Amino acid sequence: MKSVIALAFVCGAFAGSFEPAVVQQAMGASEPDRILETAPGVRKSYTFNEMLALKRDGVTFMDVTDFPLEFGSLNVAADVNYPSKVYYKEMIQELSGNLSKAELESTLTKLTSFYTRYCKSETGLESSLWLRDQVADIVSQSARDDIDIELVDHDWPQKSLVARFRGSKTTDTVVVGAHQDSINLLLPNILPAPGADDDGSGTVTTLEVFRVLAYSGYEPENTVEFHWYSAEEVGLWGSQDIFERYSKEDRVVKAMLQQDMTGYSAGNFESLGHDALSVITDFVDERLTNYIKLLIDNYCDIPYVESTCGYACSDHASASKFGYPSAFVIESALDTSDKYIHSINDKIEHLSFDHMLQHAKLTLSYAFELGFASFD
């Protein structure tokens, strides 16, 4: 109810400042209806404003308008066997010492300076190009010729980004994912959306791991990709587009780990009395999730708790939809996670870079260990 009152207030304020056509556009009047899937096989057409209302109410969904394949209709080609122990602990712990809270903070400060990273906005496009430039600078400064950078075009302005360490032995692929877009659920086309936690935190966490690996001379035997998806907030558009392409190309993806919201730790201290990572256990691959727990036990300085987040709660669901094993780790259980998201208040001041560093340690160990795994 508060969201409805706030929406009416904001719209009234803006109505006096803009031409009627602008206000109508801001309210989503020109947006076509979309088919949203709120549970496997449960589909319904929604207007743009109804979609925003779903998100304000905490309902998770996948927009299947352009990606009609049913969730789970593609089975994983074969069960993937993940290692039962860690093999590179000394090397990974040494590399983890190069992860920098200062780098995380400076990168996130710039990322949140874009007015909004809404996928249909001009600044959403600009932020995706800026992110591409950061990855390109890392590759250039590390003098690497075995890393590919792919800017992925979509049917909306903002691009997705893929950075690929080409495997020395195989094209079997390990994916690290985060979404780069943000949204303000009152007026996405007009109001600012700094998106510090959702998902600026995951974006810079994975970028920092990419930086450390690139500078280290890391040359994995398997192909390892870092993905920064566009348009997660409107129904996983970017990640569905990418994994649909991979499926059509018969790409072999052995694992996908999503990092969405890695910076807010206050809820852990309030509910648990200590910090923790939250391992999602619903709509994920059980074997990969158990392996993620093994990595946390070995490489992180805080424990994990188990939690659920519902159907299609982030981009890992797109990997699962197209038959690829996925896992998801978030900052805390959903009922104690960041309440500032999707608003003008999703700012750096609410985040913990110590907590973010733990997600980076997990991501680094995941990319390194599975970069050399045989999956036998």
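Residue numbers (mature numbering (1 follows the signal peptide of the UniProt record, and there is no 0)): -15 to -1, 1 to 361.
From the three backbone atoms N, C-alpha and C, an ideal C-beta is built for every residue, glycine too.
Predicted model only: the values in this text are computed from it and were never measured.
Under DSSP, Q243 shares a beta bridge with G162 and F313. The count of Cβ pairs closer than 8 Å, one atom from the segment 210 to 228 and one from the segment 285 to 295, stays below three, leaving the stretches out of contact.
M47 and A38 have their alpha carbons spaced roughly 15 Å apart. Counting C-beta atoms within 10 angstroms of its own C-beta, K154 has fewer than 16 neighbours from the protein chains shown and is therefore classed as exposed. The Cβ atoms of Y276 and Y67 lie closer than 7 Å to each other. Straight through space, the alpha carbons of Q126 and G109 are spaced by roughly 26 Å.
Between T32 and V147, the alpha-carbon positions lie close to 31 Å from each other.
DSSP, read as helix, strand or coil, puts Y200 in helix.
Under the 10 Å beta carbon count, T156 is surrounded by fewer than 16 other beta carbons and is classified as exposed. Judged by beta-carbon spacing, R151 lies beyond the 7 Å limit of E210, meaning their Cβ atoms are not closer than that value. Taking C-beta separations shorter than 7 Å and ignoring five residues to either side along the sequence, the partners of K278 in its chain run V264 and Y289, following chain order.
Under the three-state reduction of DSSP output, A24 falls in the strand class. Scanning N207, N169, L114 and T190 for the CA closest to the CA of S359 turns up N207. The alpha-carbon of D245 is positioned some 23 Å away from that of E55. Secondary structure of K74 (DSSP, three-state): helix.
With fewer than three CB-CB distances shorter than 8 Å, the segment 179 to 199 does not count as touching the segment 250 to 270. Burial check for H340: the Cβ neighbour count within 10 Å reaches 16 or more, so the residue is buried. Counted as a single uninterrupted DSSP element, the stretch harbouring W141 is not any alpha helix (DSSP H), since DSSP gives it neither H nor E. Note on G43: under 16 other CB atoms within 10 angstroms of its CB, so exposed under the neighbour-count rule. Comparing C-alpha distances from V137 to each of Y325, Q165 and T274 shows the shortest one belongs to Q165.
Per the DSSP secondary-structure output, H212 pairs in a beta bridge with V147 and G162. Contact between the segment 73 to 90 and the segment 337 to 351 is present: three or more C-beta pairs spanning the two stretches fall below 8 Å.
For V290, the enclosing beta strand (DSSP E) stretches over residues Y289 to S292. By the beta-carbon neighbour count (other beta carbons within 10 angstroms, threshold 16), R230 is exposed. The shortest C-alpha to C-alpha distance from S311 to any of T158, K70, S322 and Q78 is the one to T158. The three-state reading of DSSP puts A38 in helix, counting H, G and I together. D51 and G82 have their C-alpha atoms spaced approximately 43 Å apart. N169 and G308 have their alpha carbons spaced roughly 31 Å apart. For S263, the enclosing beta strand (DSSP E) stretches over residues L262 to I265.
When beta bridges are read from the DSSP output, Y31 appears opposite R19. Burial state of E79 is exposed, judged by a 10 Å Cβ sphere holding fewer than 16 other Cβ atoms.
Taking each of Q243, V120, L114 and R102 in turn and checking the Cα distance to S167, the smallest one comes out for R102.
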